[in-house]
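Chains as they are written, first to last, in the numbering used here: chain A, 1 to 264; chain B, 1 to 264.
Protein chains: 2
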Amino acid sequence: MSPRDMSSNSPTVNDNKITMKPQTVVRKICPHNANVSCSSCRLNELCLPIALNKSEIHLLDEIVERNRPYKKGDHLYRQNDDFKSVYAVRSGSFKSYVLSNNGQGRVTGFFLPGEIIGMDGIASKHYANSTQALEHSSICEIPFSQLEKLSQQLPSLQHHFFAIMGNEIAKDQQIHTLLSSYTAEERTASFLLGLSSRFAHVALSPIRYLLPMTRSDIGEYLGLTVETVSRILTALQRKGLIEVNNREIELLDIEALRQVIGSK
Amino acid sequence: MSPRDMSSNSPTVNDNKITMKPQTVVRKICPHNANVSCSSCRLNELCLPIALNKSEIHLLDEIVERNRPYKKGDHLYRQNDDFKSVYAVRSGSFKSYVLSNNGQGRVTGFFLPGEIIGMDGIASKHYANSTQALEHSSICEIPFSQLEKLSQQLPSLQHHFFAIMGNEIAKDQQIHTLLSSYTAEERTASFLLGLSSRFAHVALSPIRYLLPMTRSDIGEYLGLTVETVSRILTALQRKGLIEVNNREIELLDIEALRQVIGSK
DNA sequence: AATGCAATTTAATCTAAATCAAAATTCTGA
DNA sequence: TCAGAATTTTGATTTAGATTAAATTGCATT
């Protein structure tokens, strides 16, 4: 399996805005522009470069590979591929999922700009998940062996990567608790609030955002069926806590949403 | 909150074998003997020292603190305590859990000899869980700041600790899948098989072992009630897949147990 | 050995969410 | 612009596992 597979599970199309304009113009306006160094990247305060100084960022810059954008449905890697790199989302979003023997997929994570993908492969040297773009997206690839070498030179990079991995562990354990004891409504409210703060983290609106994933993706992630997710969203809307318009979500009463999961 | 709290949730007692014999004899026979260096520890092939050479292990030995044994119910640390160390189980077993607002506990993990506890605190600098001994147990404490310093000197230690954390991430994601799509019977079978291979890993029998935790702990961990856990164990026994006698488990038909979760 | 509490099992009932079925809506590409 | 596909919603029914209740077993302390 090639590390870069442009085929999609679902039929995809090119982004109209891009294919309709000449290349040079695209370069200028494309929000997924690959020619951005870590030092000038708007995410450098929350991605790997955090806690590095100018000259250290320059060293990091040299090992980061900025691939061309991924189309919706493109795979970053597939389950069982050789582990080579971790990835930082620059723009767009991704989902990780595993396929069970009976063909059913289960989503194990969603990734927004600034977040790191692929750490599940570090121990076994093979990715445990498949990971796929949910929309037109761009990525920084960080070859792990080089990240390790650089971490030997830069104590603050080592420290920060330990923290990134520790954060992933803490987050995964929160999800463990959520799945083992929350009701469908509590899970959904928690999910919406979680997305909200992640959007806020990348300077997007925490009260009004577009879901990059389907109801089915959400269901697989939260251990619910599509129908239940849909019903819960409708119910939360009827209660006046949120406004749903297809993929667009508006959080009308964040305090009440917190109350939903209040006792947990 | 002190880092070492000898009080228990449940009333506990001293281990008869120990309190009934004079100190000097205890030192000799106690399986939780604290005076074992990493180099002579029987777990050194699967704990932190793995992949280190003799002189490197000696450096590690110097930062490891070998505390006196923990009694059943003693806390290693509590939720929200300042993060200072990670811990390697030397003997016995531990559980991590979080308390919800309504007082309900949810178990987030079990730890057997050779396994590393406390990585959930690395990012936030506060432990996200409480962790408590399930039986008379002993621990090696590894102050994290010293582990970081040593990892700067020893590339293979850095590499190995990245792997340990990556392994934790991969395991947590498997549990995510388990909780979001497995039935009660599948979860229980998977749990029993998982314990089996972990016991095998420390050279204990993979087909006959004692559960260190209660049915309630198992239920909290698997997102099931005690009653369901009990019923499923009884059902698996009736089907001839296992033999249950209180805390003692014998796996009679491992292949059939694998079949239970076969399609997943 | 006796006592008392914690842990486990068993049984009856209930319920949240799954499943099944189908209609409505949105997206996609020709 | 439109047809077909995918996604989402809605409703009726079923069910796995929760809840409630009680009996039983195990184990620590007296």
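All residues carry an ideal CB built from backbone N, CA and C; glycine is no exception. Remember, predicted model here, so these are calculated numbers, not experimental data.
Return the residue from the list the options that minimises the CA-CA distance to residue i.
| i | options | result |
| --- | --- | --- |
| residue 135(B) | 143(B), 73(B), 243(B) | 73(B) |
| residue 92(A) | 235(A), 199(A), 262(A), 85(A) | 199(A) |
| residue 246(A) | 215(A), 63(A), 197(A) | 215(A) |
| residue 338(B) | 101(B), 132(B), 87(B) | There is no way to answer for residue 338(B), as the model of chain B reaches only from 1 to 264. |
| residue 47(A) | 110(A), 96(A), 115(A) | 115(A) |
| residue 145(B) | 258(B), 63(B), 94(B) | 63(B) |
| residue 166(B) | 173(A), 99(A), 81(A), 121(A) | 121(A) |
| residue 154(B) | 41(B), 50(B), 192(B) | 50(B) |
| residue 127(B) | 85(B), 164(B), 150(B) | 85(B) |
| residue 183(B) | 262(B), 69(B), 102(B), 101(B) | 262(B) |
| residue 143(B) | 83(B), 40(B), 38(B) | 83(B) |
| residue 207(B) | 186(B), 96(B), 38(B), 249(B) | 249(B) |
| residue 189(B) | 140(B), 204(B), 150(B), 243(B) | 243(B) |
| residue 186(A) | 77(A), 81(A), 168(A), 259(A) | 259(A) |
| residue 95(A) | 221(A), 255(A), 226(A), 141(A) | 221(A) |
| residue 125(B) | 52(A), 162(A), 61(A), 232(A) | 162(A) |
| residue 78(A) | 98(A), 61(A), 235(A) | 98(A) |
So what does DSSP say about residue i, is it helix, strand or coil?
| i | result |
| --- | --- |
| residue 64(B) | coil |
| residue 23(B) | Annotation note: pLDDT 34 at residue 23(B) (below 50); position unreliable, coordinate value reported separately. Of the three classes helix, strand and coil, the one that applies to residue 23(B) here is helix, per DSSP. |
| residue 136(B) | coil |
| residue 28(A) | Unreliable positioning characterises residue 28(A) in this predicted model, as indicated by a pLDDT of 39, which lies under 50. A coordinate reading is not provided. |
| residue 124(A) | coil |
| residue 242(A) | strand |
| residue 92(A) | coil |
| residue 45(A) | coil |
| residue 98(A) | strand |
| residue 271(A) | With chain A covering only 1 through 264, there is no way to say anything about residue 271(A). |
| residue 9(A) | In this prediction, residue 9(A) has a pLDDT of 37, which is less than 50 and means its spatial position is unreliable; what the coordinates show is noted afterwards. If DSSP states are grouped into helix, strand and coil, residue 9(A) belongs with coil. |
| residue 52(B) | coil |
| residue 205(B) | coil |
| residue 131(A) | strand |
| residue 141(B) | strand |
| residue 263(B) | coil |
Where do the ends of the alpha helix (DSSP H) carrying residue i lie?
| i | result |
| --- | --- |
| residue 83(A) | Neither: residue 83(A) is in no alpha helix (DSSP H) and is coded neither H nor E. |
| residue 159(A) | 155-181 |
| residue 221(B) | 215-222 |
| residue 187(A) | 184-201 |
Would you mind telling me which residues of chain B sit closer than 8 Å to residue i, beta carbon to beta carbon, in chain order?
| i | result |
| --- | --- |
| residue 264(A) | 100, 101, 102 |
| residue 152(A) | 152, 155, 158 |
| residue 128(A) | 170, 173, 174 |
Taking a contact to mean a Cβ-Cβ separation below 8 Å, would you say residue i touches residue j in this structure?
| i | j | result |
| --- | --- | --- |
| residue 241(B) | residue 224(B) | no |
| residue 133(B) | residue 54(B) | no |
| residue 202(B) | residue 218(B) | no |
| residue 159(B) | residue 148(A) | yes |
| residue 110(B) | residue 89(B) | no |
| residue 157(A) | residue 56(A) | yes |
| residue 181(B) | residue 152(A) | no |
| residue 210(A) | residue 257(A) | no |
| residue 264(B) | residue 100(A) | yes |
| residue 139(A) | residue 178(A) | no |
Quick one: give me the first and last residue of the beta strand (DSSP E) that residue i is part of.
| i | result |
| --- | --- |
| residue 106(A) | 105-111 |
| residue 254(B) | Not the beta strand (DSSP E): residue 254(B) falls in the alpha helix (DSSP H), residues 254-260. |
| residue 77(B) | 75-77 |
| residue 209(B) | 208-210 |
Residues of chain B with CB closer than 7 Å to the CB of residue i, please, in chain order.
| i | result |
| --- | --- |
| residue 106(A) | 177, 180, 181 |
| residue 223(A) | 179, 180, 181 |
| residue 122(A) | 162, 163, 166 |
| residue 119(A) | 166, 169 |
Using the beta-carbon of each residue, which ones in chain A are nearer than 7 Å to residue i?
| i | result |
| --- | --- |
| residue 256(B) | Here the premise fails: no neighbours, minimum Cβ distance about 16 Å. |
| residue 172(B) | 169, 172, 173, 176 |
Residue i versus chain A: which residues are under 9 Å apart at the beta carbon?
| i | result |
| --- | --- |
| residue 159(B) | 148 |
What residues from chain B crowd round residue i, counting only those whose CB sits closer than 9 Å?
| i | result |
| --- | --- |
| residue 220(A) | 180, 181 |
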